[in-house]
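Contents: one structure, followed by commentary.
See below:
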């Protein structure tokens with residue numbers, strides 16, 4: 001067997017570079033596909049639940065499906081299709097039908113944390129990912145089941 | 001001044017030895033990228049899946065050319081087919097009987113799993129795997145460590161690593177890799193190894209429940 005020339009080293013280095021680029025490109029492609037940075041939204045505490053809005057800037061006419069988790073537990077899912085003219089007026093959306101409301105009536109007294117996520121399908125529905133909308137919402141439940149922001 | 005026979009691009013022997021290990025690493029990494037990265041990111045794109053495989057294949061072919069290895073050297077030959085089959089006969093039959101016995105113990109029947117059409121292409125797939133494993137990795141391992149237990153163990157570890165995270169397959173391929181690598185070092189014949197590989201794989205797939213083998217899935221697909 002012959003001792004190889006330095007060309008083999010060049011080929012090995014070249015192959016490593018191509019593979020690194022491939023893995024990097026796939027990582028970026030997957031991130032953009034699975035967790036696209038196109039969702040905008042916000043959630044807030046109301047007396048009887050959590051409400052807010054969400055828009056997918058990549059598909060501004062689409063009604064985004066949202067999921068509510070309270071204290072890390074799944075509570076409910078629904079489409080964000082309620083009227084929010086203020087969102088349209090502020091220029092966040094192309095139409096006003098991007099609002100959502102989750103009624104919360106079964107929570108125990110005391111402090112809780114809600115998180116609202118946009119549900120995103122990729123790979124033709126094979127993969128589903130959740131993206132947090134806005135910040136986690138801290139609130140407390142007072143006597144009578146009324147929701148309040150903490151320290152109010 | 002260099003002598004007439006010396007080539008300024010030729011590597012010193014120590015570097016050539018390290019180069020052989022690098023080649024093994026490079027081919028192994030390509031397989032791991034295909035199994036773990038490409039299949040997890042773009043499972044439905046066969047073109048992208050083929051990229052790391054083609055890169056590895058290209059490297060192997062180029063390396064053979066660089067080192068002056070012929071098709072016959074690598075093990076695509078028939079003159080030692082019978083001799084290799086003789087070496088493989090007992091371990092293959094033992095593995096087949098053991099697998100059937102385990103399947104019978106679990107199901108009280110022989111070959112309970114259904115025959116699948118994809119088994120027809122198994123001999124070709126087995127030949128390709130044996131080429132990469134022994135025709136390339138084993139030969140490079142011998143360049144680095146010489147013939148014997150160290151190079152045989154390296155081949156088996158690489159073969160097992162490529163079957164993770166499927167625990168049963170990783171164990172089975174470790175033992176199979178040891179036997180095939182040892183036989184290849186005595187009689188380099190890839191056709192006989194592929195025959196043994198095919199028999200063992202089909203027996204495994206037909207005898208053991210798919211849930212135990214997770215349909216022979218490896219890499220990221222194991223979790224899917």
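Chains as they are written, first to last, in this note's numbering: chain B, 1 to 152; chain C, 1 to 224. The beta carbon of each residue, even a glycine, is placed where N, CA and C say it ideally should be.
**Request:** Please name the residue, chosen from 23(C), 55(C), 133(C) and 214(C), that lies closest to residue 189(C) on a Cα-to-Cα basis.
**Result:** For this step, residue 189(C) is matched to residue 189 along the second chain. Among 23(C), 55(C), 133(C) and 214(C), the Cα nearest to that of residue 189(C) belongs to 133(C).
**Item:** Unbroken beta strand (DSSP E) run spanning residue 67(B), endpoints
**Value:** Walking along the first chain from the start, residue 67(B) turns up at place 67. Note, residue 67(B): beta strand (DSSP E), 65-70.
**Asked** Do you know whose CA, among 192(C), 198(C) and 200(C), lies nearest residue 76(C)'s CA?
**Response** For this step, residue 76(C) is matched to residue 76 along the second chain. Residue 76(C) has its Cα closest to that of 192(C), out of 192(C), 198(C) and 200(C).
**Message:** Could you compute how far the alpha carbon of residue 2(C) sits from the alpha carbon of residue 22(B)?
**Reply:** Your numbering for residue 2(C) matches position 2 in the second chain. Your numbering for residue 22(B) matches position 22 in the first chain. For residue 2(C), the predicted model reports a pLDDT of 40, less than 50, meaning its position is unreliable; a value from the coordinates is still stated below. Approximately 41 Å, taken between the alpha carbons.
**Request:** Name, please, each residue of chain B whose Cβ falls closer than 8 Å to the Cβ of residue 103(C).
**Result:** Residue mapping note: residue 103(C) aligns to position 103 of the second chain, counting from 1. Chain B residues near residue 103(C): none, gap ~33 Å exceeds 8 Å.
**Item:** Counterpart residues of residue 113(B) in DSSP-defined beta bridges
**Value:** For the purposes of this step, residue 113(B) is taken as the residue at position 113 of the first chain. Per DSSP, the beta-bridge partners of residue 113(B) are 138(B).
**Message:** Less than 7 Å between the C-beta atoms of residue 69(C) and residue 8(B), yes or no?
**Reply:** Start at 1 with the first residue of the second chain, and residue 69(C) comes out as number 69. Start at 1 with the first residue of the first chain, and residue 8(B) comes out as number 8. In this structure, residue 8(B) does not lie closer than 7 Å to residue 69(C) by Cβ.
**Asked** Who are the neighbours of residue 115(B) on chain C, taking C-beta pairs under 8 Å?
**Response** What you label residue 115(B) is simply residue 115 of the first chain in a count that begins at 1. Simply none; closest approach about 26 Å.
**Message:** By the three-class DSSP mapping on this structure, what secondary structure does residue 56(B) have?
**Reply:** On the first chain, position 56 is the one that residue 56(B) refers to. In the three-state DSSP reduction, residue 56(B) falls in the strand class (E or B).
**Request:** Have a look at 186(C), 221(C), 161(C) and 201(C) and flag the residue whose alpha-carbon is nearest the alpha-carbon of residue 83(C).
**Result:** Counted from its first residue, the second chain places residue 83(C) at position 83. Comparing Cα-Cα distances from residue 83(C) to each of 186(C), 221(C), 161(C) and 201(C), the minimum goes to 186(C).
**Message:** Would you say residue 62(C) lies against chain B (beta-carbon separation less than 7 Å)?
**Reply:** As a position in the second chain, residue 62(C) is number 62, starting the count at 1. The beta carbon of residue 62(C) sits closer than 7 Å to some beta carbon of chain B.
**Message:** Is residue 35(C) close to chain B? Criterion is C-beta to C-beta, closer than 7 Å.
**Reply:** In the second chain, counting from the first residue as 1, residue 35(C) sits at position 35. So, not an interface residue.
**Prompt:** If you drop the 5 nearest sequence neighbours on each side, which residues of the same chain put their C-beta closer than 8 Å to that of residue 78(B)?
**Reply:** For the purposes of this step, residue 78(B) is taken as the residue at position 78 of the first chain. Cβ within range, chain order: 65, 66, 100 and 102.
**Request:** Assign residue 115(B) to one of two classes, buried (16 or more other C-beta atoms within 10 Å of its C-beta) or exposed (fewer than that).
**Result:** The residue labelled residue 115(B) in the question sits at position 115 within the first chain. Buried, by the Cβ-count rule.
**Prompt:** Who are residue 122(B)'s beta bridge partners in DSSP?
**Reply:** Locating residue 122(B) in the first chain gives position 122, counting from the first residue. According to DSSP, which records beta bridges pairwise, residue 122(B) is partnered with 127(B).
**Asked** Using the beta-carbon of each residue, which ones in chain B are nearer than 9 Å to residue 51(C)?
**Response** Working through the second chain from its first residue, we reach residue 51(C) at position 51. Residues of chain B passing the Cβ test: 18, 19 and 22.
**Prompt:** Excluding the five sequence neighbours on either side, which residues of its own chain have a C-beta within less than 7 Å of the C-beta of residue 141(C), listed in chain order?
**Reply:** On the second chain, residue 141(C) is found 141 positions in, with the first residue counted as 1. Excluding sequence neighbours, residue 141(C) sits near 24, 151, 154 and 155.
**Prompt:** Would you report the Cα separation of residue 133(B) and residue 61(B), rounded to the nearest angstrom?
**Reply:** On the first chain, residue 133(B) is found 133 positions in, with the first residue counted as 1. On the first chain, residue 61(B) is found 61 positions in, with the first residue counted as 1. Whole-angstrom Cα-Cα distance: 18 Å.
**Reference residue 89(C); option with closest CA among 165(C), 197(C) and 103(C)** = Position 89 of the second chain holds residue 89(C). Answer by Cα proximity: 197(C).
**Item:** Assigned exposure category for residue 78(C) - 16 Cβ within 10 Å defines buried
**Value:** On the second chain, residue 78(C) is found 78 positions in, with the first residue counted as 1. By the neighbour-count rule (16 or more Cβ atoms within 10 Å), residue 78(C) is not buried but exposed.
**Message:** Using only CA atoms, which one of 12(C), 22(C) and 106(C) lies nearest to residue 16(B)?
**Reply:** As a first step, residue 16(B) is located in the first chain; it is residue number 16 there, counting from the start. Checked all of 12(C), 22(C) and 106(C); the closest Cα to residue 16(B) is 22(C).
**Asked** residue 227(C): buried (16+ other C-beta within 10 angstroms of its C-beta) or exposed?
**Response** Limits of chain C in this structure are 1 at one end and 224 at the other, which puts residue 227(C) out of reach.
**Message:** Starting from residue 100(B), trace the beta strand (DSSP E) in both directions and tell me its first and last residue.
**Reply:** Here the question's residue 100(B) lines up with position 100 in the first chain. 97-103 is the extent of the beta strand (DSSP E) around residue 100(B).
**Asked** Buried or exposed: which applies to residue 146(C), given that a residue is buried once 16 or more other Cβ atoms fall within 10 Å of its Cβ?
**Response** Numbered from 1 along the second chain, position 146 holds the residue referred to as residue 146(C). It counts as exposed.
**Item:** Beta-carbon gap between residue 49(B) and residue 42(B) smaller than 7 Å
**Value:** Position 49 of the first chain, counting from 1, holds the residue named residue 49(B). Position 42 of the first chain, counting from 1, holds the residue named residue 42(B). Result no, Cβ atoms of residue 49(B) and residue 42(B) do not sit closer than 7 Å.
**Prompt:** Considering residue 175(C), what are the terminal residues of the alpha helix (DSSP H) in which it resides?
**Reply:** For this step, residue 175(C) is matched to residue 175 along the second chain. Residue 175(C) -> alpha helix (DSSP H) spans 167-186.
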